[in-house]
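Written below as structure tokens is the structure these notes are about.
Chains as they are written, first to last, in the numbering used here: chain E, 1 to 326; chain S, 1 to 362.
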């Protein structure tokens with residue numbers, strides 16, 4: 001093995017819509033990243049993502065630590081052999097602070113949830129996530145784009161073309177959709193409707209997630225929805241402040257997870273090898289099976305994860321009797 | 001004529017202890033609410049009623065199906081919908097065709113309370129009935145104490161799950177113990193049990209988080225998805241001042257020298273919220289101030305979806321949090337709260353407190 005001085009860290013962020021991977025070096029600079037869709041199969045997408053990453057940076061690169069985050073962080077942690085499994089709020093905050101240490105507000109809008117993180121003096125002091133409703137998240141934009149038959153990539157650009165946004169109720173996706181259909185049947189141009197939708201979502205975000213929060217600049221906007229220029233414009237309109245979009249806005253979670261892995265490794269005095277399974281993860285066979293436990297009326301759904309037929313994790317029971325996982 | 005009651009966290013142990021003292025052999029003990037209980041309650045309750053109502057209704061249907069006839073419930077005339085729980089239960093269960101007797105222990109009307117209570121005790125004299133109740137409130141103190149120990153030891157236990165096992169044993173012991181001389185010894189016995197049977201990490205420096213909010217949301221793990229245990233697993237000591245002691249513990253209530261957390265908290269909440277609203281609205285706000293002064297790291301505020309009083313305190317808490325520089329996490333709970341979302345928030349909150357503390361020490 002080559003005795004390289006450089007150390008590299010891998011971060012994997014598996015959300016409801018997208019799977020992101022990032023590799024950073026020890027000065028926390030991004031080496032390469034991968035962004036792909038989860039498509040409802042997180043295990044496959046992690047394997048696919050690692051394959052893409054391997055093709056990009058080569059399998060000789062040694063990983064000194066791996067971190068996982070996102071709503072599938074626990075599963076991902078088991079599949080890649082992560083050294084640290086952390087929530088996405090901490091991951092996003094760390095990544096933002098790396099790119100701009102003065103940052104005071106981070107707005108992140110992902111597939112299923114949106115969050116706001118308030119930072120003062122480089123420390124997270126408050127955060128909020130959307131509660132009982134998924135209105136104003138990426139999934140809804142995605143759905144509307146496909147209904148209007150517009151590629152999601154062009155959605156924001158179209159919104160910018162409009163001079164005159166129509167008003168759309170943003171409180172609830174069901175109402176928003178019927179509002180949009182109503183406006184479209186009245187003959188409003190698509191651009192105006194899209195711009196109206198972006199403004200409705202921005203309003204909903206600020207009224208719901210951002211309620212009562214002290215939103216101070218610099219403000220960073222990240223997550224998949226940050227690609228949407230229409231959303232950025234809408235936020236700037238309502239906040240009357242400049243919105244920064246980091247260069248790697250779509251993989252910030254993964255970068256954060258990689259930074260967490262690095263911090264975790266460096267905090268330990270003695271050097272330990274990473275638990276990372278290695279670049280041949282795409283060639284391994286992962287099997288997940290589920291069954292219902294009938295031990296009590298809770299009827300918990302238990303999931304088993306096997307790597308090459310070896311049981312590596314099992315969870316899902318409320319009482320903990322089936323749990324195999326550290 | 002079987003006697004039963006809806007399940008309500010560890011308070012169920014207290015009711016069980018009182019029922020034992022009442023000389024009743026025909027008690028049907030409710031099971032812990034499960035997924036099925038939630039579904040049962042939601043099916044028969046109106047959609048926008050408070051989540052606790054649905055859970056309690058589900059629990060009641062379960063005990064009635066198992067053959068209960070007399071049901072104990074407490075009738076509160078509160079400032080929110082809680083006051084309608086009991087009459088609504090009666091209407092819904094009547095419609096469903098159950099044959100039962102709902103005995104409201106109306107706490108605000110003390111003579112009526114003891115008359116009803118006496119009715120339940122069968123052949124006991126009034127004095128004996130009162131004694132049974134007194135044993136109940138004393139045992140309630142020890143059950144609260146056991147919980148306090150459980151959620152402190154749980155944060156620093158070496159072997160996962162050992163605290164929980166000891167606590168379960170302790171609860172049983174408290175319920176089963178008879179004669180006042182033995183009962184009085186229980187706190188020492190329970191403390192020794194924890195000291196001897198739970199191996200703790202002495203070097204740990206755990207965070208401390210108070211849990212407050214709506215009564216049912218705080219005391220019933222089935223709705224708050226075992227939040228106390230989750231916090232313990234994240235290495236956090238937790239404590240809740242919300243227990244039943246304040247109502248049933250006449251000994252403490254009549255003791256003028258005793259300081260009550262909830263009374264103090266209500267007083268401190270006055271500048272923010274002057275009137276009683278029902279729920280624990282004022283107490284939640286005041287607790288934040290008290291916990292800050294006592295040096296706790298943070299506070300979690302729990303409330304069920306559509307809970308009117310707590311929604312009001314939830315919108316006042318950010319102001320308190322800002323003025324006192326005290327991080328507060330408000331969590332709304334519903335019958336189908338996704339566990340992943342709750343876990344993410346808790347982890348992020350604990351991270352926040354941890355980094356804040358490290359920042360403070362710098």
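Note that CB positions come from ideal geometry on N, CA and C, so glycine has one too.
All values reported here derive from a predicted model rather than from experimental measurement.
Does the Cβ-Cβ distance between residue i and residue j come in under 8 Å?
i              : j              : result
residue 142(S) : residue 186(S) : yes
residue 137(E) : residue 112(E) : yes
residue 51(S)  : residue 335(S) : yes
residue 120(S) : residue 23(S)  : no
residue 276(E) : residue 79(E)  : no
residue 274(E) : residue 66(E)  : yes
residue 376(S) : residue 5(S)   : Residue 376(S) lies beyond the stretch modelled for chain S, which goes from 1 to 362, so this question has no answer here.
residue 198(S) : residue 153(S) : yes
residue 105(S) : residue 72(S)  : yes
residue 242(S) : residue 155(S) : no
residue 311(E) : residue 84(E)  : no
residue 281(S) : residue 299(S) : no
residue 169(E) : residue 159(E) : no
residue 59(S)  : residue 87(S)  : no
residue 89(E)  : residue 213(E) : no
residue 149(S) : residue 191(S) : yes
residue 225(S) : residue 339(S) : yes
residue 166(E) : residue 196(E) : yes
residue 208(S) : residue 107(S) : no
residue 266(S) : residue 283(S) : yes
residue 100(S) : residue 64(S)  : yes
residue 234(E) : residue 250(E) : no
residue 303(S) : residue 213(S) : yes
Give me the DSSP bridge partner(s) of residue i.
i              : result
residue 32(E)  : 23(E)
residue 72(S)  : 103(S)
residue 304(E) : 289(E) and 314(E)
residue 105(E) : 118(E) and 219(E)
residue 18(E)  : 37(E)
residue 236(E) : DSSP output for residue 236(E) lists no bridge partner at all.
residue 288(S) : None; residue 288(S) has no bridge partner.
residue 127(E) : 117(E)
residue 157(S) : 200(S)
residue 258(E) : Per DSSP, none; premise fails for residue 258(E).
residue 68(E)  : 12(E) and 85(E)
residue 367(S) : The structure shown has nothing for residue 367(S), since chain S only spans 1 to 362.
residue 206(E) : Paired residue(s): none; residue 206(E) is not in a bridge.
residue 238(S) : 209(S)
residue 86(S)  : Per DSSP, none; premise fails for residue 86(S).
residue 10(S)  : 8(S)
residue 324(E) : 314(E)
residue 27(S)  : 3(S)
Name the chain E residues that come within less than 8 Å of residue i, Cβ to Cβ?
i              : result
residue 297(S) : The contacting residues do not exist; residue 297(S) stays about 13 Å from chain E at best.
residue 327(S) : 125 and 126
residue 344(S) : 71, 87, 88, 89 and 129
Which residues in chain E sit within 7 Å of residue i, going by Cβ to Cβ distance?
i              : result
residue 318(S) : 212
residue 169(S) : Within 7 Å Cβ-Cβ: nothing; residue 169(S) doesn't reach chain E, min ~17 Å.
residue 340(S) : 71
In chain E, which residues lie with their C-beta within 9 Å of the C-beta of residue i?
i              : result
residue 153(S) : None at all; the shortest Cβ gap to chain E is about 18 Å.
residue 34(S)  : 296, 297, 298, 299 and 318
residue 359(S) : 121, 122 and 123
Output, in chain order, the set of chain S residues within a Cβ distance shorter than 9 Å of residue i.
i             : result
residue 90(E) : 347, 348, 351, 352 and 355
Compute the beta-carbon to beta-carbon distance between residue i and residue j, rounded to the nearest angstrom, for a pair I have assumed lies under 8 Å.
i              : j              : result
residue 256(E) : residue 94(E)  : 5 Å
residue 139(S) : residue 174(S) : 5 Å
residue 311(S) : residue 136(S) : Actually they do not touch by this definition, with Cβ atoms about 33 Å apart.
residue 102(E) : residue 218(E) : 6 Å
residue 337(E) : residue 34(E)  : Nothing in the structure corresponds to residue 337(E), since chain E is present only between 1 and 326.
residue 69(E)  : residue 87(E)  : 7 Å
residue 30(E)  : residue 19(E)  : Rounded, the Cβ-Cβ distance is 17 Å, inconsistent with contact.
residue 209(E) : residue 115(E) : 7 Å
residue 252(S) : residue 258(S) : 5 Å
To be precise: take each residue of the region 82-111 of chain E, compare its Cβ to all Cβ atoms of chain S, and keep it if any distance is under 8 Å. Which residues remain? Per Cβ criterion, the list reads 86, 87, 88, 89 and 90.
Listed in chain order, which residues of the region 222-256 of chain E have Cβ atoms closer than 9 Å to some Cβ of chain S? For the region 222-256 of chain E, which is checked against every Cβ of chain S, not one residue is closer than 9 Å.
Could you name the residues of the region 236-254 of chain S whose beta carbon sits closer than 7 Å to any beta carbon of chain E, in the order they occur along the chain? Listed in sequence order: no entries.
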